[in-house]
Amino acid sequence: MFIYKPYCYVCKKSSPNFKTHENCQHFFPIDQTIVLSRYSQPGVKRLLKHAKFYWKHNAYEDIILQNQKFFQKHILTKKAILLPVPMHFLRKWKRWYNQSEKIAKHLSEILDITVDNKALSRPKYSKQQSHLSRENRIKNLNGVFSLKKSINRDLSIYLVDDVISTGSTLIEITTLLQKNGYKKINAIVLASD
Ligand SMILES: [Zn+2]
Numbered sequence: 439m440f441i442y443k444p445y446c447y448v449c450k451k452s453s454p455n456f457k458t459h460e461n462c463q464h465f466f467p468i469d470q471t472i473v474l475s476r477y478s479q480p481g482v483k484r485l486l487k488h489a490k491f492y493w494k495h496n497a498y499e500d501i502i503l504q505n506q507k508f509f510q511k512h513i514l515t516k517k518a519i520l521l522p523v524p525m526h527f528l529r530k531w532k533r534w535y536n537q538s539e540k541i542a543k544h545l546s547e548i549l550d551i552t553v554d555n556k557a558l559s560r561p562k563y564s565k566q567q568s569h570l571s572r573e574n575r576i577k578n579l580n581g582v583f584s585l586k587k588s589i590n591r592d593l594s595i596y597l598v599d600d601v602i603s604t605g606s607t608l609i610e611i612t613t614l615l616q617k618n619g620y621k622k623i624n625a626i627v628l629a630s631d
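Per the working numbering, residue 439 is the first one in the sequence shown, and the count goes up by one each step.
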């Protein structure tokens, strides 16, 4: 069901280890976006939608354990840190947990890479992204995230999220990190459009 062939997130053409082509980085400043699966593959959309609910959260562990080799193959360095995309506390309270933190925790176990749940925060409440157009998604996220503490600059940063659609969340966080002098930002997601 899973495992997507390495491609560039922007142009969707093949690219080793999911690296964003140099020219494509003008549109998407992320160096490497590791995507386990595409929504077009049968069953993926349903599985990930269900996993978001607390009582199904073990699904993430199964997905990651079953695809261990895929993640190990594409992470190019152990000198890395995983940063889950943060959730506003009200949304977390409503949902009981942040799925990105859950995914990062399981990735950390199989990759032997540390997770930092505290570096990024989301102090500003924003509307649910899925109902908005691409343009409004970008506006909606403006200034939503903040960097709470410094990250070891020798480590490659991997942002972790469950899915990626327009990429606006990852772009917003990457821009914030770049403004703070961090380079080479990467991402790991379980599925994309
Ligand atoms: Zn490309």
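Virtual Cβ for every residue (Gly too), placed ideally from N, Cα, C.
Please read all numbers here as calculations on a predicted model, not as lab measurements.
When rounded, the separation of the alpha-carbon atoms in residue 457 and residue 531 is 35 Å. When DSSP states are grouped into helix, strand and coil, residue 585 belongs to the strand group. Measuring C-alpha to C-alpha distances from residue 525 to each of 548, 511, 490, 549 identifies 490 as the nearest.
Rounded to the nearest whole angstrom, the C-alpha separation of residue 562 and residue 582 is 5 Å. Excluding the 5 residues flanking it on each side, residue 451 has no same chain C-beta neighbour closer than 6 Å. For the stretch 509-557, the continuous beta strand (DSSP E) assignments of 3+ residues that do not extend past its boundaries occur at 518-522, in sequence order. By the Cβ rule, the stretch 530-548 does not count as touching the stretch 608-623, because fewer than three pairs are nearer than 8 Å. Taking residue 615 as the centre and dropping the five residues before and after it, the same chain places the C-beta of 623 closer than 6 Å to its C-beta, in chain order.
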